[in-house]
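Quick notes on the structure that follows.
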Amino acid sequence: MIKVFFVGTGGGAPSKRGLPAFIVRREAFNALLDCGEGTQVTMIRHKLNIMSLKVIAITHLHADHVLGLPALIQTMNMYNRTEKLYILGNNVDKLLKGVFENTYFSPNFEIEYVNEYKDNEISIKPFKTCHVVPSQGYLIEEKDRINIDIERLKKEGISDWRIIRQLKEGKEVRFNGKTLYPDDFLIKRKGIRIAYTGDTSICDNVIKTVKGVDLLMHDSTFLDDINAREYGHSTASDAATVGKEADVKRLALVHISGRYDNDYEIEEAAKKIFSKSFVPEDLSLYILN
Ligand SMILES: [Zn+2]
Ligand SMILES: [Zn+2]
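Just so we're aligned: 191 in full-length UniProt numbering is position 191 of the sequence shown, and the numbers increase by one with no gaps anywhere.
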């Protein structure tokens, strides 16, 4: 199970929606995607533990996506963090080093700047988006799982763990005079896949990269009253077009401009093109099984 917390679903300037920040949680693993100003305040006020963040992935260096980060790191230090923090994003290291130096701060825990993150359960990889400055989205992929079919084992009367282990390892096993084939006893479950674009106009590379994901969080800054492409952003219809062309399972419209107050209008604009679209509220939660 993966949970996505929509911490800040606005963009540009704060409105009733906070600036971009999204937590992706899998068991004890927590990653933060973007860290707009105010992210730590919102998280702390709503008991979203800032110390549990292991990875922070920044899409680009526009202020609304990153200015919460130096402050968040300083608070982690004040709370005596010892665990290493992984940070993804172009030139985020330069930004942080400059801020740290000029605010007379040096973290007591290790920060490792990486291009992508990977452990035994999950990976976070960047992909290029189409914005007015260098910018990247992130594809978060859970590893595929292989579970043993317990019902099938019971049916065949198999309880010997050595046989079960061999089946799990993909080996054929002789049992009671017949051959057991691993494919008959294994249930393969595809890992959950989530993509977050950050800021982007409608973009071929995004469509190509996010094909079939379980959840796409896409820039949806404007409605059709604005030429979004001129600003390197998307309209709700653009986001829906991407969702449709990439055949994603669900589309969350984020980075919504403060000029719009009517969520219904935004959702309807997208749903006309792609019915699996929705507009998340700040502090709402989406669960993927
Ligand atoms: Zn932005
Ligand atoms: Zn931007």
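Using N, Cα and C, we set each Cβ at its ideal position, and we do this for glycine too. It should be emphasised that the depicted structure is a prediction, and the values quoted were computed from it without experimental measurement.
Top-ranked residue by Cα proximity to residue i, from the options
| i | options | result |
| --- | --- | --- |
| His46 | Ile23, Asp144, Val210 | Ile23 |
| Lys94 | Asn108, Pro70, Leu32 | Pro70 |
| Thr129 | Ile146, Lys171, Met217 | Met217 |
| Phe175 | Ser237, Glu156, Asn262 | Glu156 |
| residue 290 | Asp119, Lys118, Leu72 | The structure shown does not extend to residue 290, since the chain is modelled only from 1 through 289, so no value can be given for it. |
| Ile50 | Asn80, Lys118, His65 | Asn80 |
| Ser237 | Glu267, Asp261, Asn90, Glu230 | Glu267 |
| Cys35 | Ala28, Gly11, Ile256 | Gly11 |
| Phe222 | Ile256, Arg189, Glu101 | Ile256 |
| Glu37 | Asn30, Ile226, Leu61 | Leu61 |
| Lys276 | Ala239, Asp282, Leu285 | Ala239 |
| Val92 | Ala270, Asn262, Leu67, Asn289 | Leu67 |
| Thr59 | Asp224, Val41, Lys211, Val132 | Val132 |
| Arg145 | Lys190, Val114, Asp119, Leu53 | Lys190 |
| Ala13 | Arg259, Asn289, Asp119, Ser284 | Arg259 |
| Asp224 | Val254, Glu265, Leu215 | Glu265 |
| Asp119 | Ala269, Ala270, Ala31, Asn205 | Ala31 |
| Lys143 | Asn262, Lys178, Lys188 | Lys188 |
Cutoff 6 Å; reference residue i; Cβ partners in own chain excluding five residues on either side
| i | result |
| --- | --- |
| residue 332 | Absent from the model: residue 332. The displayed extent of the chain is 1 to 289, so no value can be given. |
| Pro280 | Phe6, Thr9, Ala252 |
| Gly99 | Position check: residue 99 holds Val in this sequence, whereas Gly was assumed. Pro70, listed in sequence order. |
| Met43 | Ile50 |
| Tyr113 | Ile87, Asp93 |
Close-in-space but distant-in-sequence residues of the same chain around residue i (CB under 8 Å, 5 per side omitted)
| i | result |
| --- | --- |
| Val213 | Leu139, Arg193, Ile194, Ala195, Ala246, Val248, Lys249 |
| Thr82 | Asn108, Phe109 |
| Leu167 | Ile148, Val173, Leu180, Pro182, Phe185, Leu186 |
| Arg152 | Asp184, Phe185 |
| Thr241 | Ile202, Ile273, Phe274 |
| Glu116 | Leu88, Ser123, Ile124, Lys125, Pro126 |
| Ala269 | Leu223, Asp224, Thr235, Ala236, Ser237, Ala240 |
| Asp261 | Lys16 |
| Gln40 | Ile50, Gly68, Ala71, Leu72, Thr75 |
Own chain, CB closer than 7 Å to residue i, minus 5 neighbours either side, in chain order
| i | result |
| --- | --- |
| Leu33 | Phe22, Val24, Ala57, Tyr138, Tyr196 |
| Lys244 | Ile273, Phe274 |
| Ser234 | Thr200, Ser201, Ile202, His218, Asp219, Ser220, Thr221, Ala228 |
| Ser15 | Gly258 |
| residue 293 | Nothing in the structure corresponds to residue 293, since the chain is present only between 1 and 289. |
| Asn102 | none |
Beta-carbon separation (whole angstroms), residue i vs residue j, contact threshold 8 Å
| i | j | result |
| --- | --- | --- |
| Arg17 | Ile2 | That pair is no contact at about 23 Å. |
| Glu64 | Pro20 | The identity of residue 64 in the sequence shown is Asp, whereas the question assumes Glu. Confirmed, about 6 Å. |
| Leu215 | Val4 | 7 Å |
The region 184-194 in contact with the region 134-145 per 3-pair CB rule at 8 Å: Between the region 184-194 and the region 134-145, the count of Cβ pairs shorter than 8 Å is three or higher; the stretches touch.
With a threshold of 8 Å, are at least 3 pairs of Cβ atoms found where one atom belongs to the region 109-121 and the other to the region 64-82? yes
Pocket of ligand 1 defined by Cβ to heavy atom distance under 7 Å: Gly11, Gly12, Pro20, His62, Asp64, His65, Asp199, His255
Any chance the region 150-162 sits against the region 198-205, with 3 or more Cβ pairs inside 8 Å? Counting Cβ pairs under 8 Å, fewer than three are found: no touch.
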